[in-house]
Amino acid sequence: MRPPRPRAEPTILHVDLDAFFAAVEQRDKPSLRGKPVVVGGVGGRGVVSTASYEARLYGVRSAMSTAEARSRCPHAAYLSGRFDAYRQASRAVMSLLRDLSPLVEPLSLDEAFVDLAASGHTDFSVAGVTEIAQTLKDGVREATGGLTGSVGVATSKFMAKVASELDKPDGLCVVPAGTEQELIRPMKVSVIPGVGPATAERLRRVGVHTVADLEALSQDELVRLVGQAHGTSLYHLCRAQDDRPVVAEREAKSVSVEDTYDTDLVDRRLLEALIDRYATRVTERLQKARLSGRTITLKVRLHDFSTHTRSTTLPSPTDRTRTVSRLARALLAEVDTSGGVRLLGVGVSGLADWIQEDLFEIDGTLAEDEEREPAEELPAVDLSRLGRDRRWSPGQDVQHEEHGPGWVWGSGRGRVTVRFETAQTPPGPVRTFLVDDPALSPRAVVDPAAEPEATRVQTEVWGPSEV
DNA sequence: TCTGGGGTCCTAGGACCC
DNA sequence: TCTGGGGTCCTAGGACCC
Numbered sequence: 029m030r031p032p033r034p035r036a037e038p039t040i041l042h043v044d045l046d047a048f049f050a051a052v053e054q055r056d057k058p059s060l061r062g063k064p065v066v067v068g069g070v071g072g073r074g075v076v077s078t079a080s081y082e083a084r085l086y087g088v089r090s091a092m093s094t095a096e097a098r099s100r101c102p103h104a105a106y107l108s109g110r111f112d113a114y115r116q117a118s119r120a121v122m123s124l125l126r127d128l129s130p131l132v133e134p135l136s137l138d139e140a141f142v143d144l145a146a147s148g149h150t151d152f153s154v155a156g157v158t159e160i161a162q163t164l165k166d167g168v169r170e171a172t173g174g175l176t177g178s179v180g181v182a183t184s185k186f187m188a189k190v191a192s193e194l195d196k197p198d199g200l201c202v203v204p205a206g207t208e209q210e211l212i213r214p215m216k217v218s219v220i221p222g223v224g225p226a227t228a229e230r231l232r233r234v235g236v237h238t239v240a241d242l243e244a245l246s247q248d249e250l251v252r253l254v255g256q257a258h259g260t261s262l263y264h265l266c267r268a269q270d271d272r273p274v275v276a277e278r279e280a281k282s283v284s285v286e287d288t289y290d291t292d293l294v295d296r297r298l299l300e301a302l303i304d305r306y307a308t309r310v311t312e313r314l315q316k317a318r319l320s321g322r323t324i325t326l327k328v329r330l331h332d333f334s335t336h337t338r339s340t341t342l343p344s345p346t347d348r349t350r351t352v353s354r355l356a357r358a359l360l361a362e363v364d365t366s367g368g369v370r371l372l373g374v375g376v377s378g379l380a381d382w383i384q385e386d387l388f389e390i391d392g393t394l395a396e397d398e399e400r401e402p403a404e405e406l407p408a409v410d411l412s413r414l415g416r417d418r419r420w421s422p423g424q425d426v427q428h429e430e431h432g433p434g435w436v437w438g439s440g441r442g443r444v445t446v447r448f449e450t451a452q453t454p455p456g457p458v459r460t461f462l463v464d465d466p467a468l469s470p471r472a473v474v475d476p477a478a479e480p481e482a483t484r485v486q487t488e489v490w491g492p493s494e495v
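Position one of the first sequence corresponds to residue 29 (my numbering), numbered consecutively onward.
Here it is as structure tokens:
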């Protein structure tokens, strides 16, 4: 297999705003300028998101517990963060980046890759890209009321990120094509994306500390050590072989809400009430984004910090609060919480990228409260008949099938609409059922006896692109 | 007064299907 | 007829990133 080759010229730019959250606070509150500022969780179990450079002098770092930060730097300002302000500053910067090139990949509020090759630029000499980077930095300062960013430009994402890190804060670094390997060889293995504490420890045990050490291992050895995907990626990255593209639009794969409590919780009813609250927040976000998902996950962190997840997958996607909360509550029953719960979370994944009807519709009347009881009285027809042979994928066209009265065939990830047509009502839907309710699935919904006049039952299966 | 919250990706085992 | 192998889906956990 051909190794992933970096680009021939430094066309990938990485920007990283310096101590972003803390810098926004210092910008907006002059009294904090020049002083240690720590943004993060301020409660008993909080951790540091960002420390200003003044606070870093005292050894305060991101991801450190706030308790430890307070002991290292008691006189710092501890703030819980104003995310609207951060988002606003971030938007201003991202918009500058999009002026630079249409191909921008935000990694977070304060970080992004830009593919300069997708812009109108043609001069990718060191002087040429340095000028682009300097103009960008000036623009950032102006657009954000004085924030600084560090910029790296190189032939790959990996090297651009290494470069932006190199002379923070307010840095600018270009890695000329061909000099990548000599730059990273003396560095610690942890500069490689994907090498965190666990991998670093495994490598340390076999005597690997630097990128150069890593080069001495064969691909097979690496795969044996850290697994297939990780090993292969490490083998190439330590040689600065990286051709990952800048990807502008990434579709969300999951949405979740979680909370850590200052003291462990035991009361079951309280836990259930919290689950309801999180289900509400999650589904509100789903609905806002016009998403729905099939897999509901409950996350529980116990008093001993052990973390457990329980999940369940529905036949069709949902964005309904009641469904998510009912299922998440049921999952809670599978976890022994008697020792106390430190964190609780609810998530939805397996997202479908199409609009979810949020109500069970009968005769055009929205009848949310009737969703369950009537359904359970109906003689359910097995929808799972569709099974594996009639699966479809997102974006595929509408599928359409007709069967005899009372017959319905099944659902996959789409939705099934069932129409009963009668002689008196020339063509058109008499009833439309949206078979997207997990309470009904995988069985549904069709009661021929309820429609004695029906001459025909027509079903349509909607793939995502139809809706 | 140890260890956030929001994500992504990977692995491994079992079920199930052909 | 005592025995296969590949593919997909699901679940749980873990590593990692910002």
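A virtual CB, placed ideally from N, CA and C, is assigned to each residue, including glycine.
| Check | Outcome |
| --- | --- |
| Can you give the Cα-Cα distance for residue 267 and residue 94, rounded to whole angstroms? | 38 Å |
| Have a look at residue 426 and residue 128 and give me their C-alpha separation to the nearest angstrom. | Residue confidence for residue 426 is low, a pLDDT of 27 falling below 50, so the modelled location carries little weight and cannot support an answer. |
| Take the Cβ of residue 150 as the centre, count every other Cβ of all protein chains shown within 10 Å, and call the residue buried at 16 or more, exposed below. | exposed |
| Are residue 104 and residue 89 touching if we call contact CB-CB under 8 Å? | no |
| Is residue 67 near the ligand GDP, judged by its Cβ being under 7 Å from some heavy atom? | Among the components modelled here there is no ligand, and therefore nothing to report on the ligand GDP. |
| From 201, 226, 190, pick the residue whose C-alpha is nearest to that of residue 9; which is it? | Lying before the first or after the last residue shown, residue 9 is absent from the chain, which here runs from 29 to 495. |
| Check the C-beta distance from residue 114 over to residue 70 and give it rounded, since I have them as a contact under 8 Å. | Not really, about 16 Å apart at Cβ, beyond 8 Å. |
| Going by DSSP, what residues sit across from residue 327 in a beta bridge? | 337, 373 |
| For my contact list, residue 289 and residue 374 are in at a C-beta cut-off of 8 Å; report their separation, rounded to the angstrom. | Rounded, the Cβ-Cβ distance is 15 Å, inconsistent with contact. |
| Does residue 306 come out as helix, strand or coil in the three-state DSSP assignment? | helix |
| Considering only residues of the same chain and omitting the five flanking positions on each side of residue 101, which have a CB-CB separation below 6 Å? | 64, 83, 86, 88 |
| Going by DSSP, what residues sit across from residue 266 in a beta bridge? | None; residue 266 has no bridge partner. |
| For residue 56, name the three-state secondary structure that DSSP assigns. | helix |
| Please report how far the alpha carbon of residue 256 lies from the alpha carbon of residue 250, in whole angstroms. | 8 Å |
| Tell me the DSSP secondary structure of residue 42 in three-state form. | strand |
| Where does residue 184 land, buried or exposed, given buried means 16+ other C-beta within 10 angstroms? | buried |
| Under a three-way DSSP split, which group does residue 167 fall into? | helix |
| As a quick exercise: from 351, 278, 361, 365, pick the residue whose alpha carbon is nearest that of residue 376. | 351 |
| Write down the C-beta distance between residue 40 and residue 181 rounded to the nearest angstrom, noting that I regard them as a contact closer than 8 Å. | 7 Å |
| Which residues in the same chain have their Cβ closer than 8 Å to the Cβ of residue 130, if we skip the five residues on either side of it in sequence? | 146, 147, 276 |
| Check the DSSP bridge columns for residue 107 and list the partner residues they point to. | 67 |
| Using a threshold of 8 Å, state whether the C-beta atoms of residue 226 and residue 217 are closer than that. | no |
| My parser needs the alpha helix (DSSP H) runs of 4 or more residues fully inside the segment 111-152; what are they? | 111-128 |
| Under a three-way DSSP split, which group does residue 181 fall into? | strand |
| Does the structure place the segment 41-55 close enough to the segment 117-128 that three or more beta carbon pairs sit under 8 Å? | yes |
| Quick test of your reading: residue 368 and residue 341, contact by CB under 8 Å. State the CB separation rounded to the nearest angstrom. | Actually they do not touch by this definition, with Cβ atoms about 29 Å apart. |
| Let's test the definition: count the other Cβ atoms within 10 Å of the Cβ of residue 177 and tell me whether it reaches 16, buried, or not, exposed. | buried |
| Can you tell me whether DSSP reads residue 29 as helix, strand or coil? | coil |
| Does the Cβ of residue 327 have 16 or more other Cβ atoms within 10 Å, making it buried, or fewer, making it exposed? | buried |
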